[in-house]
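Here the first sequence stands for residues 72 to 917, where the numbers follow this note's numbering. Here a beta-carbon is modelled for each residue, glycine too, at the ideal position from N, C-alpha and C. Taking it in order: structure first as structure tokens, then the write-up.
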Amino acid sequence: MTAESTNPDNHETHRHGYDFAAVEAKWQRHWLAGAIFAARNDAARRKAYVLDMFPYPSGAGLHVGHPEGYTATDIYCRYLRMTGHDVLHPMGWDAFGLPAEQYAIKTGTHPAITTRANVATFRKQIQALGFSYDWNREVDTTDPGYYKWTQWIFLQLFKRGLAYTAEVPVNWCPALGTVLANEEVIDGKSERGAHPVVRMPMRQWMLRITAYAERLLGDLDGLQWPEGIKAQQRTWIGRSEGAEVDFAIEGGLGVLRVYTTRPDTLFGSTYMVVAPEHPLVEAMTTDDRRGEVQAYVAAARSRSDRERTDDSRQKTGVFCGRMAIHPCTGAPIPIWVADYVLGGYGTGAIMAVPAHDSRDFAFARAYELPIRQVVSPTGQPLPEPLQAAYTDDGVALDSGPFTGLPTAQFKRAIAAWLVERGLGEPKVHWKLRDWVFSRQRYWGEPIPIFYPVVERDGTALQHGQLQPSDVAQLIAQGAARLDYERPMPVPETELPLRLPQTDDFAPTGNPEPPLAKCHAWRYFTQQGAWYARETNTMPQWAGSCWYYLRYLDPNNEAALASPEAIARWLPVDLYVGGAEHAVLHLLYARFWHKVLFDCGVVHQAEPFQRLVNQGMILGEDGEKMSKSRGNVINPDAMLQVFGADAFRLYEMFMGPLEAVKPWATAGLHGTRRFLNRVWALFDKPVVDAPADDATLRALHKTIAKVGDDTRELRLNTAIAAMMALLNDLVRLPNLPRSVAEPFVLILAPYAPHLSEELWERLGHCASLAWQPWPAHDPALCVDDTVEIPVQVNGKLRGKVVVAKDTAAAELERVALADPQVAKWTADKVVAKVIVVPGRMVSVVVK
RNA sequence: GUCGGAAUGGCGGAAUGGUAGACGCCGCGGACUUAAAAUCCGCUGAGUGAAGACUCGUACGGGUUCAAGUCCCGUUUCCGACACCA
72 MTAESTNPDN HETHRHGYDF AAVEAKWQRH WLAGAIFAAR NDAARRKAYV LDMFPYPSGA
132 GLHVGHPEGY TATDIYCRYL RMTGHDVLHP MGWDAFGLPA EQYAIKTGTH PAITTRANVA
192 TFRKQIQALG FSYDWNREVD TTDPGYYKWT QWIFLQLFKR GLAYTAEVPV NWCPALGTVL
252 ANEEVIDGKS ERGAHPVVRM PMRQWMLRIT AYAERLLGDL DGLQWPEGIK AQQRTWIGRS
312 EGAEVDFAIE GGLGVLRVYT TRPDTLFGST YMVVAPEHPL VEAMTTDDRR GEVQAYVAAA
372 RSRSDRERTD DSRQKTGVFC GRMAIHPCTG APIPIWVADY VLGGYGTGAI MAVPAHDSRD
432 FAFARAYELP IRQVVSPTGQ PLPEPLQAAY TDDGVALDSG PFTGLPTAQF KRAIAAWLVE
492 RGLGEPKVHW KLRDWVFSRQ RYWGEPIPIF YPVVERDGTA LQHGQLQPSD VAQLIAQGAA
552 RLDYERPMPV PETELPLRLP QTDDFAPTGN PEPPLAKCHA WRYFTQQGAW YARETNTMPQ
612 WAGSCWYYLR YLDPNNEAAL ASPEAIARWL PVDLYVGGAE HAVLHLLYAR FWHKVLFDCG
672 VVHQAEPFQR LVNQGMILGE DGEKMSKSRG NVINPDAMLQ VFGADAFRLY EMFMGPLEAV
732 KPWATAGLHG TRRFLNRVWA LFDKPVVDAP ADDATLRALH KTIAKVGDDT RELRLNTAIA
792 AMMALLNDLV RLPNLPRSVA EPFVLILAPY APHLSEELWE RLGHCASLAW QPWPAHDPAL
852 CVDDTVEIPV QVNGKLRGKV VVAKDTAAAE LERVALADPQ VAKWTADKVV AKVIVVPGRM
912 VSVVVK
């Protein structure tokens, strides 16, 4: 008996089982104080790098979704330690981001202070769940020691020509005086206050992720990732094979180049469309159409991407007045300007084939343009008028020399034909765009770039007696400007480029970032000349792109991680997190990893070998948890009532890790009861006598199953198996040590606090965290006798109990002799008997 | 629309093509208690039956097989992602 259960002051907890609050606090202290889970590093042992997607430490604290993935990886890691692995299992904070900055603007509290407080809350909450993280490796993306290396990676990108600036539209909200992120803009209005938002071009940093499109696509094949995530990334990258074709523009205006994936429908092209931003729009527009076209282009420009791509919108466009010459038939076809063609994809111009493209079909219908069939399933035209575009492959018709060719052959033939005549060529295009990398925000990593300050005539602004604020004034007055054509990298030795301390996070009132107001930080002299720092900061994705590398060697000041640590731990063997990061985070991180691979920093092409998405936990009403629905479950409250072990167990017992599943607090009573029953089991005398055969078999089967299930992350069925074993053990008069010890050990990854306590009670002084996983005896995992179902004409009619290795002939004899079976075979002719020894007997009668 | 996933008792879920519903929740009955809670024992897919037992049953319609929740074809519904990318 322990002190808890005999202490009269503790009768409350005794009645409900053991004092889990005391036990859990005790072991959490013990693990932390002894750094029990510091990653061991012995090159002779197998390594495992198990990673959770690190959280953004929001002010709201942990929700029940966070511990779902964390518990799964914790169980897995504890299992791996017991099976002889060196395990790297770290945790950290993705702490740059919008909410802290918005809070700062509202309250004046510096984001660093908010962040520190939130991190402390998160750490405490996570530790209260007893996870076996190596806390010596905690990282925080807002720590200058961390973002020094985020900036360093940016410089590598810059040096390789993968970071560049371009004029890109941003969402500028004049009423709020700030630039908004896409997700802060809803239907062209600001999320807060519903003020109008205008799109205006601004100089932005871009990352050339498109240069890696081919590799980002190809390398997906070798990854152990959910099919859905791979499919999403493939779609996002959007490789498309087709051809570019030149159409001559009437009036000697050169050629209009289009991209199509269906060059086989070339003969069906009855008009052309260029995007409103196409460079030739101006030149192609005839004078009588100019007013109309200009108005259309202006209207299109003011529309947001979202509006323009709204599917339900009626297609619009204007005829520019000019005709193109069909390269095959020589027929003149009209050139239209319409915003259903996107400027940023392909060549920004298409040949419209209304008979075989649903968008062109809709447009042709609306503007009464001709529709010409050139493909059909059989090569015979479908009845006209067509009700919809026929977009499948088929056989060509009315296509000159190509008539009668199946689509695939046609595509090959026309490609050669186009190349031969210099009219076009096969071409691959990608949907993936370069990554807009700058944000007009304070709370992010400063981009380590600066520009010369020059006078009106372009000569360097000399130091003189100027102060930074004077320089700012000169620029404001137009007497000086930044030479954005000459971006210069901050020397690596000067990293980190720290965020300036400031209390002024308020929007600037113009599209410039808040850092533009930090004159003393922004303007500096070097060899007598003035320079100005970049004032855009990096997006939140930056820090999360490479954090898995910093964990390897978090305090290294000379490199982002030592070559030894990189060689030892990479790649990440298991990465667990939410599916909401299917595309962006996982694609960006893969991109950076490949760049670092090309830099020779890392040695695998891919960072994350195996990926698992935990399913969302819904509210008790089956709806997504949200404050407005009032169905949010607070994990702290659950821990208070049920304890960490019961909470962990419940989250895993709810169902498969990947599944979306509703919360049910009632279910926690089940896991709480289970743990109490385990505790009560040890009230039985622990004896050194051997266990009976049935118990031994049940134990060994359970050890095998829990091991298998844990490796496969089928944690729900592993728990069910341990519950079933307990149901057997409680019936025993006493508890053989040879059963008690393995049982505690297999339970340990799942309910580590209780297990440590029981392990100690069994007389062990060291933590069980590094105990070997109990071995199971395969001979004890099968029964000597088995119950064999007997089917007659496919229906279960009887069961016979036989020795497990009963031969087929004997099994058949016993089965047919069984009275229950005989009842169904009497008066019938046995036509066939299928015997699967050890499994079942199936009798066919007539 | 496209892509990915799912559909099994009152609920969460389990089932290498081979005894559907393990395990748990809820519920019901019983023991203990002055009583309740907690705990322990038992029952718990639907239907027929006194019982032995039988019939039906894994979204729907077909098919393959001695045997289908599981494999194949088609349909419906739900969830998630993408969505004018030519």
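For residue 349, the number of other beta carbons within 10 angstroms of its own is at least 16, and it is reported as buried.
Under the rule that a run must span 3 or more residues, the beta strand (DSSP E) segments found entirely inside the region 269-299 read 269-278.
Per the Cβ contact rule, the region 660-678 is in contact with the region 220-231 (3 or more Cβ pairs under 8 Å). When secondary structure is reduced to three states using DSSP, residue 717 falls in the helix class. Taking 4 residues as the minimum length, the alpha helix (DSSP H) runs contained wholly in the region 325-395 are 352-355, 361-373, 376-379, in order along the chain. By the criterion of a C-beta distance shorter than 7 Å, residue 473 is surrounded in its chain by 467, 481, 484, 485, once the five residues flanking it on both sides are discounted. Contact between residue 680 and residue 642 holds: their C-beta atoms lie close to 5 Å from each other, under 8 Å. The DSSP assignment places 590-593, 612-615, 618-621 as complete runs of the alpha helix (DSSP H) inside the region 571-633, in order along the chain (cut-off: 4 residues). Residue state for residue 699 is assigned as coil, using DSSP reduced to three classes.
Cα atoms of residue 164 and residue 500: separation of roughly 37 Å, rounded to the nearest angstrom. Residue 288 and residue 310 do touch by the CB rule: their CB atoms are close to 6 Å apart, below 8 Å. Spanning the alpha carbons of residue 166 and residue 722 requires a straight line of approximately 26 Å. Here residue 803 is near residue 766, since their CB atoms are less than 8 Å apart.
The Cβ atoms of residue 391 and residue 356 lie closer than 8 Å to each other. Beta-bridge partners assigned by DSSP to residue 156: 117. If you look at residue 521, you'll find it in the beta strand (DSSP E) that goes 520-526. Per DSSP, reduced to three states, the secondary structure at residue 899 is coil, with no helix or strand assignment.
If you look at residue 195, you'll find it isn't in any beta strand (DSSP E); it sits in the alpha helix (DSSP H) that goes 182-198. According to the DSSP assignment, residue 422 belongs to the beta strand (DSSP E) that extends over 420-423. Rounded to whole angstroms, the Cβ separation of residue 729 and residue 686 is 5 Å, and the two are in contact under 8 Å. The DSSP assignment places 234-244 as complete runs of the beta strand (DSSP E) inside the region 197-245, in order along the chain (cut-off: 3 residues). Judged by DSSP in its simplified three-state form, residue 145 adopts helix.
As summarised for the region 807-865, the continuous alpha helix (DSSP H) elements at least 4 residues long and confined to that stretch are 808-818, 823-832, given in chain order. For the pair residue 119 and residue 299, the Cα-to-Cα distance works out to about 25 Å. If you check the CB distance, residue 341 and residue 618 do not come in under 8 Å. Cβ-Cβ distances below 8 Å link residue 430 to 386, 411 in the same chain, with the five nearest sequence neighbours on each side left out; the list follows chain order. Within the same chain, and ignoring the five residues on either side of residue 856 in sequence, the residues whose Cβ sits closer than 7 Å to its Cβ are 872, 873, 874, 875. Rounded to the nearest angstrom, the gap between the Cα atoms of residue 121 and residue 646 is 6 Å. Its Cα nearest to that of residue 572, the residue 589 stands out among 733, 563, 589.
Of the residues assessed, residue 123 falls on the buried side of the cut-off, its CB having 16 or more other CB atoms within 10 angstroms. Per DSSP, reduced to three states, the secondary structure at residue 321 is coil, with no helix or strand assignment. In this structure, the CA atom of residue 370 is about 42 Å from the CA atom of residue 601.
Assignment of beta-bridge partners to residue 684 by DSSP yields 648. Looking from the CA of residue 702, the closest CA among 888, 690, 709 belongs to 690. Annotation: the continuous beta strand (DSSP E) that includes residue 496 extends over 495-501.
The region 312-331 makes no contact with the region 505-519, as fewer than three CB pairs between them are under 8 Å.
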